[in-house]
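Chains as they are written, first to last, in our numbering: chain A, 1 to 204; chain B, 1 to 204; chain C, 1 to 204.
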Amino acid sequence: MTELYHWFDLIGVAVFAVSGTLLAYEKKMDGFGVVVLATVTAIGGGTVRDLILDVPVFWLHDQSYFFAILASVFVTTRLLNKQKPIPHYILQTADAFGLAFFAVMGAQKAQLAGMPDMTAVIMGVITGCFGGLIRDVLAREIPMLLKGELYAITCIAGGSVYTLCISFSLVTEVAMILGMLMTLLLRFAAIKWKITLHVFKYPD
Amino acid sequence: MTELYHWFDLIGVAVFAVSGTLLAYEKKMDGFGVVVLATVTAIGGGTVRDLILDVPVFWLHDQSYFFAILASVFVTTRLLNKQKPIPHYILQTADAFGLAFFAVMGAQKAQLAGMPDMTAVIMGVITGCFGGLIRDVLAREIPMLLKGELYAITCIAGGSVYTLCISFSLVTEVAMILGMLMTLLLRFAAIKWKITLHVFKYPD
Amino acid sequence: MTELYHWFDLIGVAVFAVSGTLLAYEKKMDGFGVVVLATVTAIGGGTVRDLILDVPVFWLHDQSYFFAILASVFVTTRLLNKQKPIPHYILQTADAFGLAFFAVMGAQKAQLAGMPDMTAVIMGVITGCFGGLIRDVLAREIPMLLKGELYAITCIAGGSVYTLCISFSLVTEVAMILGMLMTLLLRFAAIKWKITLHVFKYPD
């Protein structure tokens, strides 16, 4: 079981590493900096979560994450070098999958650390969003997270579905899959139909 | 008494959330990203302080901070949508109040955690300045903190007044109010008379 | 002995403070913000390392670091104000020395905290690179770390040499000096001959 979670975690790390590599390519960064950007994107959110929860940072004694990142960067780079510029939506798709995995894994880890539901949902947001936030800051992009499009709110939705399912005593695996689907569907809908949430009305 | 501090803390969080919302409006960010920017501005400094002090992060088990932030964002947004563009000095004023509250609260929390006075003052600077620093980085502004105008130094002054008063055995509440006034007056003076501290002489 | 390490640490802190001051000058920042930028550059990497290792942050109870930073800023500022604009390679040289000291000190501290070798090397990278990374983000530069030139990889090389020497039971001091030399030579070679590592092939 824990085995299964570990694999989920590795997949989340790998897809975020892909998103970091893609942005590095887009911004014409090069060299080992690509590996650094991919790594920070992939493990940044979970690291901030573990620091705040005051639990041991997940990658300190487990080197498999770094192998997953290196493999991810290697494969992505090979594909990029064989092809024409990759359309921007591929980056958004990789980002969305990472978001979905991490929103739920983060909420779960917070619950296991004895946090109340609201904090668990926020930890899901941090795990899901902060890696990409750091990625965008380092690459000097306007963070996806801060644009009008649904983003952080998809993590809140996913984390809430997960914590709700758990409080209704559903099997953990089912709760996780439902939470992930929620985030993924909302985020894809936001990308496809450019769903934005308008808070401000600007004078013309 | 602790009750009173909690209210002070909530006010500091609320005014920084206002400053985050105002900057998001100015930079034409929109959607839930506004809430994220307001939240990071409001609790970023205190979170970094608690991580460094290795004490439990203050919002983990207390959801009132998030309600204060949401209320702050809601009210600010309503006001913004009703009016013409708000002048920049309102953002600076909200920022100054947050600065004053947090410089003293941060120094106090560090002292309670057994830190020496110099570290306490630095913790005041971190609590007061880092939320705004993260806000400016995310909004891709030159951080207020790094411009020539008096900024970090107002937190140092406020924190020093507070720690000095405590070491002269003044009542905590008086020490807090004097520290806050110090920061507030210095910062307002800096804004009003554009007081800058010049360190570099550039060749013409 | 511990005395010696403390001095090494102070030298690393001082040269990074120089690099922060130089960048602040280049970007025409001024006032106390210069001290903030120098401080964050100088102790940022070690602070992130200590947070992740969950050991007490190194400057909490030791104020000598701040005196080293202030002295560093003061001397650098005096020199800058007496002379013509300082060439960019001086900033890169100060940065390289900080990198070399911290890559080894970071790896060593991680080993003493019981971390495996790979984590120790990564802690060297964090200690060496993150101060400069934060400096560049705050000054809105493209982080040196993310450009094509050899940078993070020089810390990996230095940290690896150090951990290897230790595992071959070399005297700690010798291991440290060899690790530092490795980072320094690689980084200087990269600066002098503009050695870059190309990962991406862009279509013409």
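Here a beta-carbon is modelled for each residue, glycine too, at the ideal position from N, C-alpha and C.
{"Item": "Where glutamate 141/A falls: helix, strand or coil (DSSP)", "Value": "coil"}
{"Item": "Tyrosine 151/B burial status per 10 Å Cβ neighbour count (16 or more: buried)", "Value": "buried"}
{"Item": "Interface partners of proline 56/C on chain B, CB under 8 Å", "Value": "Asp54"}
{"Item": "DSSP bridge partner residues for glutamate 149/C (one or two, in chain order)", "Value": "Thr196/C"}
{"Item": "Nearest to leucine 99/C (by Cα), restricted to the options Ile142/C, Ala42/C and Thr77/C", "Value": "Ala42/C"}
{"Item": "Backbone secondary structure at alanine 113/C - three-state DSSP", "Value": "coil"}
{"Item": "Rounded straight-line distance, which links the Cα of glutamate 26/C to that of alanine 156/C", "Value": "Here residue 156/C turns out to be isoleucine, not alanine, going by the sequence shown. Their Cα atoms are separated by approximately 29 Å."}
{"Item": "First and last residue of the uninterrupted alpha helix (DSSP H) at tyrosine 65/B", "Value": "64-82"}
{"Item": "Cβ of threonine 47/C within 8 Å of any chain B Cβ", "Value": "yes"}
{"Item": "Distance between asparagine 81/C and phenylalanine 58/A (C-alpha atoms, nearest Å)", "Value": "47 Å"}
{"Item": "Contact with chain A by valine 34/C, beta-carbon distance below 8 Å", "Value": "no"}
{"Item": "Closest by C-alpha distance to threonine 93/A, when choosing among Asp117/A, Thr47/A and Ala17/A", "Value": "Ala17/A"}
{"Item": "Candidates Lys147/C, Val35/C, Thr77/C and Thr76/C: closest to isoleucine 195/C by CA position", "Value": "Lys147/C"}
{"Item": "Pick from Arg187/B, Gly159/B, Lys192/B and Leu186/B that is closest to methionine 176/B, judged by C-alpha positions", "Value": "Gly159/B"}
{"Item": "Top-ranked residue by Cα proximity to aspartate 9/B, from Ser167/B, Val75/B and Gln108/B", "Value": "Gln108/B"}
{"Item": "Chain-ordered residues of the segment 13-29 of chain B with a beta carbon less than 8 Å from chain A", "Value": "Ala24, Tyr25, Lys28 and Met29"}
{"Item": "Environment of tyrosine 202/B [buried if 16+ CB atoms lie within 10 Å]", "Value": "exposed"}
{"Item": "Short CB-CB distance (under 8 Å) between lysine 194/C and chain A", "Value": "no"}
{"Item": "Buried or exposed (CB count within 10 angstroms, at least 16 for buried), alanine 189/B", "Value": "exposed"}
{"Item": "Interface partners of histidine 61/A on chain C, CB under 8 Å", "Value": "Met115, Pro116 and Thr119"}
{"Item": "Partner residues on chain A for valine 75/B, Cβ-Cβ distance less than 8 Å", "Value": "Within 8 Å Cβ-Cβ: nothing; valine 75/B doesn't reach chain A, min ~13 Å."}
{"Item": "Extent of the continuous alpha helix (DSSP H) run through isoleucine 52/B", "Value": "33-53"}
{"Item": "Span separating the alpha-carbon of leucine 53/B from that of leucine 37/C", "Value": "21 Å"}
{"Item": "Members of the segment 95-108 of chain C that neighbour chain F once the beta carbon cut-off is set at 8 Å", "Value": "Absent here is chain F; the protein component of the structure consists of chains A, B and C."}
{"Item": "Under 9 Å from the C-beta of isoleucine 126/C: neighbouring residues of chain A", "Value": "Near isoleucine 126/C there are no residues of chain A at all, since even the closest Cβ is about 10 Å away, more than 9 Å."}
{"Item": "Of the residues Asp136/A, Met182/A and Thr77/A, the one placed nearest valine 199/C, counting alpha carbons only", "Value": "Thr77/A"}
{"Item": "Beta-carbon separation (whole angstroms), valine 104/B vs glycine 131/B, contact threshold 8 Å", "Value": "Wrong, their Cβ atoms sit about 15 Å apart, outside the cutoff."}
{"Item": "Length of the line joining the Cα atoms of leucine 186/C and phenylalanine 97/C", "Value": "12 Å"}
{"Item": "Valine 13/C versus phenylalanine 102/C - alpha carbon distance", "Value": "9 Å"}
{"Item": "Serine 64/B burial status per 10 Å Cβ neighbour count (16 or more: buried)", "Value": "exposed"}
{"Item": "Aspartate 30/A (DSSP reduced to helix, strand or coil)", "Value": "coil"}
{"Item": "Where arginine 140/B meets chain A, residues with beta-carbon distance less than 8 Å", "Value": "Arg140 and Ile142"}
{"Item": "Burial state of tyrosine 89/C, where buried means 16 or more other Cβ atoms lie within 10 Å", "Value": "exposed"}
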